[in-house]
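Residue numbering for the sequence shown follows my numbering, beginning at 793 and increasing consecutively.
Backbone N, C-alpha and C define an ideal beta-carbon position, used for all residues, glycine too.
Computed from a predicted model, the values in this text were never measured in an experiment.
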Amino acid sequence: MPSKKACAAAMKAGTDKVAMGGCIATDRKGGNCHACHFFKGLETTRLQAGNIAPPFIQLGSRFSKQQLKDRIYDPMKANPNTSMPPFGKHHILNGKEIDLVVEWLVTL
Numbered sequence: 793m794p795s796k797k798a799c800a801a802a803m804k805a806g807t808d809k810v811a812m813g814g815c816i817a818t819d820r821k822g823g824n825c826h827a828c829h830f831f832k833g834l835e836t837t838r839l840q841a842g843n844i845a846p847p848f849i850q851l852g853s854r855f856s857k858q859q860l861k862d863r864i865y866d867p868m869k870a871n872p873n874t875s876m877p878p879f880g881k882h883h884i885l886n887g888k889e890i891d892l893v894v895e896w897l898v899t900l
């Protein structure tokens with residue numbers, strides 16, 4: 793996972809979509825994905841992984857990018873009993889941010 797300094801540089805440059813997506817996903821004011829999910833790379837960072845949601849493993853081979861976008865935008869459509877917030881529907885993340893998070897997710 794990128795450091796805070798690396799995230800600041802990635803966001804400023806705006807060219808590395810995967811790095812930018814990872815930064816948004818691990819930002820406590822953004823995706824905050826690590827609060828509930830485990831994913832590769834957390835063990836070497838300052839972040840503590842959650843365990844109340846499925847781990848991010850081989851998402852790119854299990855879901856299309858559109859499926860991932862839909863699940864982030866409004867996860868209740870796929871699972872009405874989910875505790876995951878609807879990041880797009882509630883304007884936690886905008887469409888561009890969701891797209892960047894998906895670019896990162898498919899690499900895990």
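query	result
Nearest to lysine 881 by CA position, among Asp862, Asn871 and Thr899, is which residue?	Asp862
Can the beta-carbon of valine 898 be found closer than 8 angstroms to that of leucine 851?	yes
State the start and end residues of the unbroken alpha helix (DSSP H) segment that holds isoleucine 890.	887-897
Under 8 angstroms, with one C-beta from each stretch per pair, do the region 871-885 and the region 798-806 reach the 3-pair mark?	no
Short of 6 angstroms in beta carbon distance, which residues of its chain neighbour lysine 857, apart from the five on each side in sequence? Order them along the chain.	Val894
From isoleucine 844 to threonine 874, what distance separates their C-alpha atoms?	11 angstroms
Just to confirm the assignment, what range does the alpha helix (DSSP H) spanning glycine 806 have?	Note, glycine 806: premise wrong, no alpha helix (DSSP H); not H, not E.
Need the endpoints of the alpha helix (DSSP H) that leucine 900 sits in, please.	Element bounds for leucine 900: n/a, residue is neither H nor E.
Within this structure, are the beta carbons of glycine 813 and tryptophan 896 separated by less than 8 angstroms?	yes
Tell me which residue opens and which closes the alpha helix (DSSP H) that arginine 863 is part of.	857-865
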